[in-house]
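Novice: My questions all concern the structure below.
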Amino acid sequence: MSYMTHQSTIKPLSVNDLALMKQQGEKISCLTAYDASFSALIDKVGIDVMLVGDSLGMVIQGHDTTLPVTISNMVYHTRCVSQARRRAFVIADMPFMSYCTPVIAAKNAAKLMQQGGAQMIKLEGSHVEVVSFLVNQGIPVCGHLGLLPQKINQLGRYKVQGRESTEAVQIIDDAHQLQQAGASLLVLECVPADLAREISMQLRIPVIGIGAGVNCDGQVLVLHDMLDIGILKRPRFSKNFMQEATTIESAIDAYHQAVKQSRFPTTEHSF
Ligand code: KIV
Numbered sequence: 192m193s194y195m196t197h198q199s200t201i202k203p204l205s206v207n208d209l210a211l212m213k214q215q216g217e218k219i220s221c222l223t224a225y226d227a228s229f230s231a232l233i234d235k236v237g238i239d240v241m242l243v244g245d246s247l248g249m250v251i252q253g254h255d256t257t258l259p260v261t262i263s264n265m266v267y268h269t270r271c272v273s274q275a276r277r278r279a280f281v282i283a284d285m286p287f288m289s290y291c292t293p294v295i296a297a298k299n300a301a302k303l304m305q306q307g308g309a310q311m312i313k314l315e316g317s318h319v320e321v322v323s324f325l326v327n328q329g330i331p332v333c334g335h336l337g338l339l340p341q342k343i344n345q346l347g348r349y350k351v352q353g354r355e356s357t358e359a360v361q362i363i364d365d366a367h368q369l370q371q372a373g374a375s376l377l378v379l380e381c382v383p384a385d386l387a388r389e390i391s392m393q394l395r396i397p398v399i400g401i402g403a404g405v406n407c408d409g410q411v412l413v414l415h416d417m418l419d420i421g422i423l424k425r426p427r428f429s430k431n432f433m434q435e436a437t438t439i440e441s442a443i444d445a446y447h448q449a450v451k452q453s454r455f456p457t458t459e460h461s462f
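Have a look at this one:
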């Protein structure tokens with residue numbers, strides 16, 4: 192019975208808790224998750240946010256890109272993750288072409304929230320009109336700027352974005368526009384650390400970096416990269432936390448502590 196009492200005292204974090212963490216200067220730890228077992232473990236360690244990323248197309252389904260991932264795939268994995276968590280905030284990715292108009296985006300975001308149990312959805316790029324429409328329907332949105340993996344066929348390869356000053360100015364402007372449209376969070380992927388620091392300072396909303404240096408408000412990594420169990424080469428900005436760990440749980444905990452204490456990423460993992 193005491194177990195039941197204990198369970199009921201743990202509440203999932205809310206979007207307000209994440210905003211407060213930024214205001215209080217507490218770093219936000221985030222990891223991707225795709226199934227119930229890892230969800231329970233990541234949650235137990237105390238990671239703040241679990242992202243059901245469309246990276247599942249690569250690390251779970253074995254594709255070369257995230258493009259084949261469907262909304263049904265995302266709903267299924269989001270449900271697996273949200274069922275097993277107790278405290279962590281759950282964000283689900285909108286997959287390729289699932290947000291090409293505001294109405295299509297709203298229908299798909301509703302599936303991720305109603306059937307999947309997501310608390311927020313994430314979409315790539317500066318789709319200000321879509322973001323504003325979703326926010327007006329009561330759907331919390333996380334933006335995603337910098338390297339946009341769903342644009343791989345336009346980019347040609349996965350590479351650092353925002354090195355040129357015109358590109359950097361565009362990313363800063365897009366970040367402000369997403370915040371203005373009502374986004375509550377922003378992921379910045381593969382951008383120079385100085386640019387990410389500037390955006391994190393300028394924005395009111397928390398900025399979560401991946402390959403974006405230590406001065407973001409939080410960090411996210413793909414689970415399979417940081418456990419070194421991926422089938423693809425681990426990107427330079429990630430780190431194998433299993434190297435100095437004896438269990439998966441202690442590796443996830445080492446990552447969590449390193450993010451909280453601003454010990455990850457180092458310059459070795461930044462651009
Ligand atoms: O799909 C994903 O895992 C992501 C992270 C890389 C941020 O979007």
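In our numbering, the protein residues as written are 192 to 462.
The beta carbon of each residue, even a glycine, is placed where N, CA and C say it ideally should be.
For residue 244, verify whether its CB is less than 7 Å away from any heavy atom of the ligand KIV.
Specialist: Correct: residue 244 has its Cβ closer than 7 Å to the ligand KIV.
Novice: In whole angstroms, what separates the C-alpha of residue 278 from that of residue 242?
Specialist: Approximately 13 Å, taken between the alpha carbons.
Novice: At which residues does the alpha helix (DSSP H) containing residue 317 begin and terminate?
Specialist: Premise fails: residue 317 is in no alpha helix (DSSP H) and is neither H nor E.
Novice: Using 10 angstroms around the beta-carbon of residue 299, count the other beta-carbons present and answer buried if the total reaches 16, otherwise exposed.
Specialist: So residue 299 ends up on the buried side.
Novice: Following the continuous alpha helix (DSSP H) through residue 370, name the residue where it begins and the one where it ends.
Specialist: 356-372 is the span of the alpha helix (DSSP H), which, as asked, contains residue 370.
Novice: Would you list, in sequence order, the uninterrupted beta strand (DSSP E) runs of no fewer than 3 residues that lie entirely inside the region 240-283?
Specialist: Here the runs fully enclosed are 240-243.
Novice: Let's test the definition: count the other Cβ atoms within 10 Å of the Cβ of residue 410 and tell me whether it reaches 16, buried, or not, exposed.
Specialist: Residue 410 is buried by the Cβ-count criterion.
Novice: Compute the distance between the beta-carbons of residue 402 and residue 435, then report whether it is under 8 Å.
Specialist: No, the Cβ-Cβ distance between residue 402 and residue 435 is not below 8 Å.
Novice: If you follow the beta strand (DSSP E) that residue 206 is part of, which residue opens it and which one closes it?
Specialist: Segment 206-214 is the alpha helix (DSSP H) holding residue 206; no beta strand (DSSP E) there.
Novice: Check for me: the alpha helix (DSSP H) holding residue 447 runs from which residue to which?
Specialist: 439-451 is the extent of the alpha helix (DSSP H) around residue 447.
Novice: Below 6 Å CB to CB, which residues in the same chain sit around residue 365 once its five sequence neighbours on both sides are set aside?
Specialist: These residues qualify, in order along the chain: 317, 336.
Novice: Let me check understanding here. Comparing Cα to Cα, which of 305, 326, 315, 354 lies closest to residue 284?
Specialist: Residue 315 is the option with its Cα nearest to residue 284.
Novice: Please state if the CB of residue 219 and the CB of residue 240 are separated by a distance shorter than 8 Å.
Specialist: Yes, the pair counts as a contact, with Cβ atoms nearer than the cut-off.
Novice: Just verifying my parser: in three-state terms, what is the DSSP assignment at residue 294?
Specialist: In the structure shown, residue 294 sits in a helix (DSSP, three-state: H, G or I).
Novice: Going by the CB atoms, is the gap between residue 414 and residue 222 shorter than 8 Å?
Specialist: Contact: yes.
Novice: Going by DSSP in three states, residue 380 sits in which element: helix, strand or coil?
Specialist: DSSP places residue 380 in strand when its eight states are reduced to three.
Novice: Using CA coordinates, which residue listed in 418, 388, 341, 325 is at the minimum distance from residue 233?
Specialist: Residue 233 has its Cα closest to that of 418, out of 418, 388, 341, 325.
Novice: Just checking residue 318 against the ligand KIV - is the residue's beta carbon closer than 7 Å to any of the ligand's heavy atoms?
Specialist: No, the Cβ of residue 318 stays beyond 7 Å of every heavy atom of the ligand KIV.
Novice: Apart from the five residues on each side of it in sequence, which residues of its chain come closer than 6 Å, Cβ to Cβ, to residue 313?
Specialist: Hits under 6 Å: 282, 284, 333, 335.
Novice: On a Cα-Cα basis, can you pick out the residue from 422, 407, 430, 290 that is closest to residue 321?
Specialist: Here the closest residue by C-alpha is 290.
Novice: Going along the chain, which residues of its own chain have a beta-carbon closer than 8 Å to the beta-carbon of residue 203, five neighbours each way excluded?
Specialist: Only 276, 277, 278, 279, 280, 281, 310 meet the Cβ criterion.
Novice: Thinking C-beta only, is residue 396 closer than 8 Å to residue 377?
Specialist: Their beta carbons are under 8 Å apart, which means residue 377 touches residue 396 by this criterion.
Novice: State the DSSP-derived secondary structure class of residue 332, mapped to helix, strand or coil.
Specialist: If DSSP states are grouped into helix, strand and coil, residue 332 belongs with the strands.
Novice: When the distance is taken between beta carbons, is residue 428 closer than 8 Å to residue 445?
Specialist: Not a contact, by the Cβ cut-off of 8 Å.
Novice: Quick one: Cα of residue 386 to Cα of residue 353, how far?
Specialist: When rounded, the distance between both Cα atoms is 8 Å.
Novice: Sort 272, 244, 342, 367 by Cα distance to residue 389 and report the nearest one.
Specialist: Residue 367 is the option with its Cα nearest to residue 389.
Novice: For the alpha helix (DSSP H) that contains residue 228, what are its first and last residues?
Specialist: Taken as a continuous stretch (DSSP letters only), the alpha helix (DSSP H) holding residue 228 covers 227-236.
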